[in-house]
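Residue numbers (this note's numbering), protein chains in the order written: chain A, 953 to 1116; chain B, 953 to 1116; chain C, 953 to 1116. We put the beta carbon where it would ideally sit given N, CA and C, even for glycine. Below is one structure, written out as structure tokens; the observations come after it.
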Amino acid sequence: MITLVLGGARSGKSAFAEKIIEDLGGGTYLATSRVWDAEMAERVQTHQERRNHLWTTIEEPVRIADLIVNSDKPMLVDCLTLWLSNLMEEECDITLETNNLCAALAAAKQDVVLVSNEVGLGIVPDNALARRFRDHAGRVNQTVAQAADRVLFIAAGLPLTLKE
Amino acid sequence: MITLVLGGARSGKSAFAEKIIEDLGGGTYLATSRVWDAEMAERVQTHQERRNHLWTTIEEPVRIADLIVNSDKPMLVDCLTLWLSNLMEEECDITLETNNLCAALAAAKQDVVLVSNEVGLGIVPDNALARRFRDHAGRVNQTVAQAADRVLFIAAGLPLTLKE
Amino acid sequence: MITLVLGGARSGKSAFAEKIIEDLGGGTYLATSRVWDAEMAERVQTHQERRNHLWTTIEEPVRIADLIVNSDKPMLVDCLTLWLSNLMEEECDITLETNNLCAALAAAKQDVVLVSNEVGLGIVPDNALARRFRDHAGRVNQTVAQAADRVLFIAAGLPLTLKE
């Protein structure tokens, strides 16, 4: 089963997603973050401390499709928003990469839970790059939601079901 | 039936709203956008390409109430957020115009679907105009939601039902 | 019963929360806002005009836990987001204060309704203080949501149930 867990910053979406995999006995944590600065490092550490012996961690900022296909354990992808940000930084073809991701999800032999931020519910950002990012993020979320069996929206740590 | 379709940027709200009208056999697409720059032109074109022979397009940035009352076909209003932005630019009385819109919806002889952005779920914007816009947008959404028979919130292309 | 009412700016969350208390016959309105400028003063006035003889108003920007415990009437706390902002301004320990709040909610003898903003659904803010605020706000919402019996998410004046 493919699950997309959407939510805002500090909505509890990662903890919720981790719980899904832990209830399956644990699995692989695929971290897409690149550690840029102290603030980000702190976030990564907070996330790591929450995980435990139930988890194996892989760090891969861009090439996640093959890892998803080849995983023989339940996998958590955290998160698509940082993955997208990495794709944009490397000037990848976002549509192509998103389609590759969805093909990988269709071929996955194990449960996959993907975490993603909803970033389009504020005022239009001033700068063009942020607007472009927001557009891509929305499209990635829509495309992956179509490919997913279940889509949850998390607010204050609690889920609303968009699809199941 | 009057339907309000709320959602963020690139949430799939327009496509979802178009589908409602297409399932009714098509209708009138009332576009409220003014084409300001290349970026907006690209957005408009993307939207147009998705529409087809099922649609007649009308462009009207401000005076939408009469068009709604007089339509003899199902109508899609896309979107209230750009309409509000046009009202503010022309220094119209937002409350009055919103009440006129709701009176038009009450008098409409056909199904009307209205698309609107939810813009109030981010950090308080730095500039006063953006805050004022955000306040107006929230009030417009509340008022139209009261006038609507059905209100949907779209995320990642999928609906949550706020009212039906 | 403890109810948390979440929503965006101008989502109708305060009016919805007031209605819950008014349906109980009225109660105490605990206002956490500090009136900084003309814009905020206008907001406060709008809120006050909506309230009536069913309400007693208390203003307390920071020390709300004792007031909650000692209240012998239903209480509306409006809102946790301004309370958090006051805590940050006074350099309080946010985790400690949030835990004190939850202890007060557990000890409350009367219904309490708390209003809070969801602020994490836009693009990552440019400035570090806004990001820090956003992180704290998300954590406060998660923690209070755990302590609450019921959590509602309001958009366009209409509720989605996150917990009940």
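In this structure, does DSSP put residue i in helix, strand or coil?
i	result
residue 1068/B	strand
residue 984/B	coil
residue 1107/A	strand
residue 1043/C	coil
residue 958/C	strand
residue 1030/B	strand
residue 1102/C	strand
residue 1075/A	coil
residue 1006/B	coil
residue 1011/B	strand
residue 1090/C	helix
residue 976/B	coil
residue 1115/A	strand
residue 927/C	For chain C, the structure presents residues 953 to 1116; residue 927/C sits outside this window and is missing.
residue 966/A	helix
residue 912/C	Absent from the model: residue 912/C. The displayed extent of chain C is 953 to 1116, so no value can be given.
residue 1060/A	coil
residue 1023/C	coil
Would you mind telling me which residues of chain B sit closer than 7 Å to residue i, beta carbon to beta carbon, in chain order?
i	result
residue 1112/C	1112 and 1114
residue 996/C	Chain B residues near residue 996/C: none, gap ~14 Å exceeds 7 Å.
residue 1093/A	1108
residue 1105/A	1107
Where does residue i land, buried or exposed, given buried means 16+ other C-beta within 10 angstroms?
i	result
residue 1018/A	exposed
residue 970/B	buried
residue 956/A	buried
residue 980/A	buried
residue 1094/B	buried
residue 1086/A	buried
residue 1005/C	exposed
residue 1022/C	exposed
residue 1070/A	buried
residue 1047/B	exposed
residue 1057/B	buried
residue 1003/A	buried
residue 1080/C	exposed
Applying a beta-carbon distance threshold of less than 8 Å, which residues of chain B neighbour residue i?
i	result
residue 1062/A	Result: empty, since nearest Cβ-Cβ is about 22 Å, beyond 8 Å.
residue 979/A	Residues of chain B passing the Cβ test: none, with the nearest at roughly 23 Å.
In chain B, which residues lie less than 9 Å from residue i when you measure between Cβ atoms?
i	result
residue 1086/A	960, 961 and 962
So, under 8 Å CB-CB, residue i and residue j are touching, yes? Tell me the CB distance rounded to an integer number of Å.
i	j	result
residue 1186/A	residue 1030/A	Given a span of 953 to 1116 for chain A in the structure shown, any question on residue 1186/A remains unanswerable.
residue 1038/A	residue 986/A	6 Å
residue 1060/A	residue 1020/A	5 Å
residue 983/C	residue 1114/B	Between residue 1114/B and residue 983/C the Cβ distance is about 28 Å, and since that is not below 8 Å, they are no contact.
residue 1109/B	residue 961/C	With 8 Å as the limit, residue 1109/B and residue 961/C do not qualify as a contact, their Cβ atoms being about 25 Å apart.
residue 959/C	residue 1074/B	Going by Cβ atoms, the distance from residue 959/C to residue 1074/B rounds to 13 Å, so no, they are not a contact pair.
residue 1104/C	residue 1112/A	The pair is not a contact, with the Cβ atoms about 11 Å apart (cut-off 8 Å).
Residue i versus chain C: which residues are under 7 Å apart at the beta carbon?
i	result
residue 1070/A	1073
residue 1097/B	1108, 1109 and 1110
residue 1082/A	1075
Please compile the residues from chain A whose C-beta is within a distance smaller than 8 Å of the C-beta of residue i.
i	result
residue 993/B	Ordered by position in chain A, no residue passes the 8 Å Cβ test against residue 993/B, which lies about 14 Å from the chain.
Of all the options the options, which has the alpha carbon lying nearest to the alpha carbon of residue i?
i	options	result
residue 1007/A	1036/A, 977/A and 1024/A	977/A
residue 1014/A	1109/A, 1096/A and 1045/A	1045/A
residue 1016/B	1050/B, 1069/B, 1002/B and 1025/B	1050/B
residue 990/C	1110/C, 998/C and 1067/C	998/C
residue 1053/B	1078/B, 1002/B, 1092/B and 1104/B	1092/B
residue 954/C	961/C, 1033/C and 972/C	972/C
residue 1066/A	1041/A, 1024/A, 1100/A and 1076/A	1100/A
residue 1064/C	1048/C, 1028/C and 1081/C	1028/C
residue 1024/B	1098/B, 974/B and 1062/B	1062/B
residue 996/C	1034/C, 1080/C, 1097/C and 1079/C	1034/C
residue 1036/B	1112/B, 1096/B, 1001/B and 1104/B	1096/B
residue 1098/C	1116/C, 1012/C and 1041/C	1116/C
residue 1012/B	1001/B, 994/B and 1032/B	1032/B
residue 974/C	1102/C, 1026/C and 1103/C	1026/C
residue 1043/B	1077/B, 1068/B and 1088/B	1088/B
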